[in-house]
Each structure stands twice: as C-alpha cells, then as structure tokens.
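Below is one structure, written out as structure tokens; the observations come after it.
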Amino acid sequence: MVKIKIDGVEFEVDEKKNLIDAAKDVGVEIPYFCYHPALSIVGMCRMCLIEIEGVPRLQAACNTPVKEGMGIVTKSDRVKEARAGTMEFLLANHPLDCPVCDKAGECKLQDNAFGSGTGHSRFEFEKRNVPQEEIGTNLIINHNRCIVCYRCVRFEEEKVGVSNLGLFERGNHSLIGLANNEPIDHNFQGALADICPVGALLNNKTLFKSRVWWYKSHSSVCHGCSTGCNVTTNVRDNKMYRYMVKENHEKGMFFLCDKGRFDLDWMNENRLFSYLDSGKSSTSVEVLPKIANLMKSAKGIAVIGGAHESNENLTKIKNTLSSISSQLNGKSILFEARVQDAQYKETEQVDFLMTKDSHPNTKGALDLGLTTSDGISGIEAQLAKGSIDLIFVIKEEIPSSLIGKANLVVLDTNLTQSAKSATYAVPIKIFAEESGSFTNKNSLIQNFEKSMEAPKGLPSSAEFFEKLSVSLVSKEEALLGNR
Ligand code: SF4
Ligand code: SF4
Ligand code: FES
C-alpha cells in the first residue's frame, strides 16, 4: 500500500492499481468509458482526465499507476471543463434515443452525461445515420450509438482469441464492423453487449424484453458449468429474465459465456409442478407411500446425480439418507453424483471461461463424499447383478444403461423426458428458488441468494428426502398401532 492525496485528502491505496481503481476503492469516482479492468489500456476516450500535481497537462487516470506521495485533483474547474468537452464530442453525433435504447438505465453515456455533461448541445448539423446491422447469430450493432471505445475489439482479441471485429474508416466516419463478413458465432456475444458501455452492441435474445429498472436483482452464481461465474440475477414477475456479470476483481471474474448467460428459459417454462406416477399427474399423498414401500422392499438403493444441487441440500440429503438406511436396518444406499465423463476428470476448459463439466457443484458433491469408488459403472454392474433395484435420479437424464432395469424415481425441476418415463417423478425447486452455495472447480465455495419464489408447496430435493423419511416412519407407526 502507498499513500496518495486525492483532492487534498490523504488515502492509503494499493500500489498495483491505476488511478481509476485506486480512487474507486476509497470512494472517489473518476468517470471513464474505454477502461476495463480485465482488458489492456488504450486511453482512447479521454473521459478520465485528471490533474496530477507537478504535471502541467491533464493526464488519463486509466493509464497512470499510483505512486507513493503523488497528489491528484479530480474535481477542479480544469478537470470539469475537460470532461464536459469530451462529453460534448461524444454526444455530437450520438442519437438522442435513450427512450428506445435497451441500454437505458445501465448506460455509461447516460451516467457520465448526467455527472459531467453540460446538458445542452451546440451541434447544429445533421447527425450521421448508419443502419443497424446483424453482426452475430445473437448480436446486433447500432453504429450511431458507438463511441469507438474499442472495448469490443480488445475483448475479442485478448480474451476470446479471435478478431471478428475491427475499426474501419476514420474520424466522423469511424465504424466498428466485421473484419471478414462472417457473422460472429462464438460463446461470448452476450459479453460483447455487456462490456459495450453504450447501447451499440445488443443481443437479440434479450432485446426489448424489459426496462432494466423493473428487475429485482440478487447475487448469485451461474449454474452452467463448474467455473461458477458470479452473476446478478434480474427477475421480473417471478421470472428469470437475465444474468448479468457480477465482477469479482479478487478472483478475476469479469465475464460470462453465452451458454450460462442465456440458459434461463428452463427456469420459467415447462416446469414440473406435480408428482407423476408412471408419467401421469398425481399427488405427494399418493406417491410418497408408494416410494416408501419401494424403498422397504428394495434389495439395494442408489441415488445418482445431485451436482446441480447446493451444498446445503446435499448435506441434508446425505444425513437423511443415512438415517433412512438405519430405519431400513442398514440397507445399502449408494450415492454417486458423477454422471458425466467430465465429472471424473481434472477440469477441462472448453474456452477461456467455460468447462466441459456442465454441473455447478460437482466439487461440492465430491467434497461431501457423495461418490462411490467404482462410479456410475459400478452402479450399473450392481444393477446387472440385481443387488440394486431402486434408483433415485436427481435432475439428470436417466443414463440409457439404467432404463428399464430398475424402479426409477426422478427428482426434477422440469417436465423432462426422464420425469415422464420414470416410475415416479418428484417436482423440486430450482436452485434460484433457495439460497445456498456451490463449490467451483477451484474449490471456491460461493454463496448465492434466493432470487425467485418457488411455486407454493414445491419441496427442494432435500425436503423431498426428509418427507420420505417421515413417510417411512409414519407408515411403520401406523402398522404398529393397528396390531
Ligand atoms: S461497439 Fe460498443 S464496445 Fe465496441 S467500440 Fe463501439 S461503443 Fe465501444
Ligand atoms: S463459464 Fe460456466 S459458470 Fe461462467 S457463465 Fe459460462 S456456463 Fe456459467
Ligand atoms: S478511460 Fe481513460 S482514456 Fe478512456
């Protein structure tokens, strides 16, 4: 840490940071556009100009590392005039279309115009008007809104490792466009729209779905793979509309991939709301005693899956299964959380962010010991021998090797083929309907908040096993009473 003076007040700041981040840490905001903490610094927008004591000209804060003893001024008339000038240039050719722009409410141009602009324009000429273009399978560009900050180009080159986008023409005619006329189809089109500080890059999938101020937001963790990117959930009318990145500077998390960001429809549609008995709608009162009877008569029981569940649910399930096993005179109940090849291996990356393991909590399940020495093939072998004849499947496709060979009880959030083809299906809450934690590929335990309300009466996976345990006991007590 080093001591610097900001507007005459002494602060201790991290010497590894630039002036924008160092000042932000102590509560002083320096406006910016082109700077991004995870990308190279280009100093293109000139919005972050400040005074440094002893230096005659204004300097870009993004491009200046902190130094012991330095003094900076962020609020002088000179600085304010420079910022107002930058805003005037940026807005000269920018359309006044905030009312129809999807970025409104979370746009840096709006924020900085409000904080540093003059509120009026001296530009009397016709503004340029370049038609909007589709430049990706899920990406459009509104050229008129672009402020040429180069974030999109840098992100593709430095993070995704491709160069689809480039800057063409000069001055007033500058355009961000495709370098080789092929539409962008990589896994980071959402991230491109996200890092664009204005409404120039937008995703078709979320276009005009909602104004941002109508969302209720919560801290959460993406469910899409074992990386566990930090997200802010945006929920409206109890529907999951968006995941937005929640930057975690300490852990180097700044982006989301499209696979996780846009995989949200299952939370809002095709939910499983009732118990199913051989694919037909039923009730817990009907189905729970039947499952309890299957457990009593089973030679052996296996529970597979569960790596989509929180650590808290898995801990409860583990304890409940152990007590159910005791209730059933020590009946063998094996738990194998791994159903996918990728769950058996060290982390394999698909790209710089996403892993091959599409489960958010494989590591948490393994840390809890919810695994067997022989894995899923051991369960298949026991099934073939007949020593296992009842299998619970928690939110997974039923492995084809198990179909038709045992009674199957599927716990699922959605009306999947697995749920329809199971002996019994149990509706459960999705992770976003509870709070809890996932353990990511690097053993980082990350908490998530409850973002949505579950349909009334729907149990979590853990609550279902607790109900089952009660059902087993109450049935025995009833029998005792009848004697
Ligand atoms: S499209 Fe957006 S991110 Fe790209 S240069 Fe323009 S304003 Fe910046
Ligand atoms: S990398 Fe994984 S955790 Fe991150 S956004 Fe993509 S799917 Fe979600
Ligand atoms: S943020 Fe410093 S020049 Fe753009």
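With my numbering, the residue at position 303 of the sequence shown is 1775, and numbering never jumps.
Using N, Cα and C, we set each Cβ at its ideal position, and we do this for glycine too.
Contact check, residue i vs residue j under 8 Å by CB: the rounded distance?
| i | j | result |
| --- | --- | --- |
| CYS1729 | LEU1825 | 5 Å |
| VAL1775 | LEU1793 | 7 Å |
| GLY1908 | ASN1706 | Incorrect: roughly 19 Å between the Cβ atoms, too far for contact. |
| ASN1801 | THR1911 | Incorrect: roughly 33 Å between the Cβ atoms, too far for contact. |
| SER1932 | ILE1900 | 6 Å |
| ARG1555 | MET1519 | 7 Å |
| GLU1523 | VAL1545 | 4 Å |
| LEU1838 | THR1787 | Between THR1787 and LEU1838 the Cβ distance is about 13 Å, and since that is not below 8 Å, they are no contact. |
| ASN1535 | ILE1513 | 5 Å |
| ALA1814 | ASP1829 | 4 Å |
Candidates the options: which alpha carbon is nearest residue i's?
| i | options | result |
| --- | --- | --- |
| LYS1752 | LEU1673, VAL1625 and LEU1887 | LEU1887 |
| ASP1737 | LYS1718, VAL1670 and TYR1713 | TYR1713 |
| ARG1683 | ASP1884, CYS1697, ALA1494 and ASP1709 | ASP1709 |
| MET1725 | GLY1541, ALA1779 and ALA1663 | ALA1663 |
| ASN1914 | SER1872, THR1843, PRO1927 and THR1827 | THR1827 |
| ALA1651 | PHE1660, ASN1676, ASN1644 and VAL1625 | VAL1625 |
| HIS1695 | ASN1659, GLY1589, ALA1904 and SER1746 | ALA1904 |
| LEU1806 | ARG1550, LEU1521, SER1859 and SER1512 | SER1859 |
| GLU1641 | GLN1661, GLU1868 and VAL1620 | VAL1620 |
| GLN1821 | HIS1508, SER1698 and GLU1578 | SER1698 |
| GLN1582 | ARG1594, GLY1608, LEU1562 and ARG1600 | LEU1562 |
| LYS1803 | ASP1829, LYS1768 and TYR1816 | LYS1768 |
| GLY1633 | SER1933, ILE1607, GLU1487 and LEU1511 | LEU1511 |
| LYS1835 | SER1795, TYR1816, ILE1851 and GLY1850 | TYR1816 |
| LYS1575 | SER1782, LYS1681 and LYS1771 | LYS1681 |
| ASN1676 | GLN1604, ASN1702, CYS1517 and ILE1870 | GLN1604 |
| ILE1667 | SER1692, THR1755, SER1588 and GLU1578 | GLU1578 |
| VAL1527 | MET1542, VAL1514, ILE1513 and CYS1517 | MET1542 |
| GLY1515 | LEU1674, ILE1476, THR1558 and GLU1938 | THR1558 |
| VAL1572 | ARG1743, HIS1690, GLY1671 and ASP1813 | GLY1671 |
| ASN1702 | ALA1856, GLU1525, LYS1723 and TRP1686 | LYS1723 |
| PHE1597 | GLU1553, ALA1564 and ALA1585 | ALA1564 |
| THR1843 | LYS1711, THR1678, ALA1856 and GLY1778 | GLY1778 |
| HIS1690 | PRO1927, PHE1936, ASN1919 and LYS1790 | ASN1919 |
| PRO1927 | ILE1917, THR1885 and LYS1892 | THR1885 |
If you follow the beta strand (DSSP E) that residue i is in, where does it begin and where does it stop?
| i | result |
| --- | --- |
| ILE1866 | 1862-1866 |
| THR1911 | 1908-1911 |
| PRO1899 | 1896-1899 |
| ARG1714 | 1711-1717 |
| VAL1775 | 1773-1777 |
| GLU1606 | 1605-1608 |
| VAL1485 | 1481-1485 |
| VAL1882 | 1879-1884 |
| THR1637 | In the sequence as displayed, the identity of residue 1637 is Leu instead of Thr. First-last of the beta strand (DSSP E) with LEU1637: 1637-1640. |
| VAL1693 | 1688-1693 |
| GLN1854 | Premise fails: GLN1854 lies in the alpha helix (DSSP H), 1847-1857, not in any beta strand (DSSP E). |
| ASP1749 | 1747-1749 |
Given a threshold of 16 other Cβ atoms within 10 Å of its Cβ, counted over all protein chains shown, does residue i qualify as buried or as exposed?
| i | result |
| --- | --- |
| MET1473 | exposed |
| VAL1485 | buried |
| ASP1657 | exposed |
| LEU1940 | buried |
| PRO1669 | buried |
| ALA1950 | Interpretation of ALA1950 is limited by its pLDDT of 45, a score under 50 that renders its predicted location unreliable; the figure taken from the coordinates is listed afterwards. ALA1950 should be labelled exposed. |
| SER1782 | buried |
| SER1873 | exposed |
| VAL1481 | exposed |
| ALA1764 | buried |
| ILE1478 | buried |
| ILE1902 | buried |
| ASN1954 | Note on ASN1954: pLDDT 41, under 50, position unreliable in the model; the coordinate value appears next. Exposed. |
| ASN1490 | buried |
| GLN1889 | exposed |
| PHE1732 | Looking at the sequence provided, one finds Gly at residue 1732 rather than Phe. By the neighbour-count rule (16 or more Cβ atoms within 10 Å), GLY1732 is buried. |
| LEU1952 | Because LEU1952 sits at a pLDDT of 44, beneath the cut-off of 50, its placement in the model cannot be relied upon, and the following sentence gives the value as read from the coordinates. LEU1952 comes out exposed. |
| ILE1875 | exposed |
Along the chain, where does the alpha helix (DSSP H) containing residue i start, and where does it finish?
| i | result |
| --- | --- |
| THR1705 | Note, THR1705: premise wrong, no alpha helix (DSSP H); beta strand (DSSP E) at 1702-1708. |
| ALA1665 | 1661-1667 |
| SER1795 | 1783-1799 |
| ASN1584 | 1580-1588 |
| PHE1627 | 1623-1627 |
| LYS1817 | Here LYS1817 belongs to no alpha helix (DSSP H), and DSSP marks it neither H nor E. |
| VAL1551 | 1549-1564 |
| ILE1492 | 1491-1497 |
| GLN1889 | 1889-1893 |
| LEU1838 | 1834-1839 |
| LEU1760 | 1756-1769 |
| GLY1732 | 1730-1733 |
| ASN1740 | 1737-1740 |
Would you list the residues whose beta-carbon is nearer than 6 Å to any heavy atom of ligand 2, in the order they occur in the chain?
Here the residues come out as CYS1694, GLY1696, CYS1697, THR1699, GLY1700, CYS1701, LEU1728, CYS1729, LYS1731, GLY1732, ARG1733, LEU1825 and MET1826.
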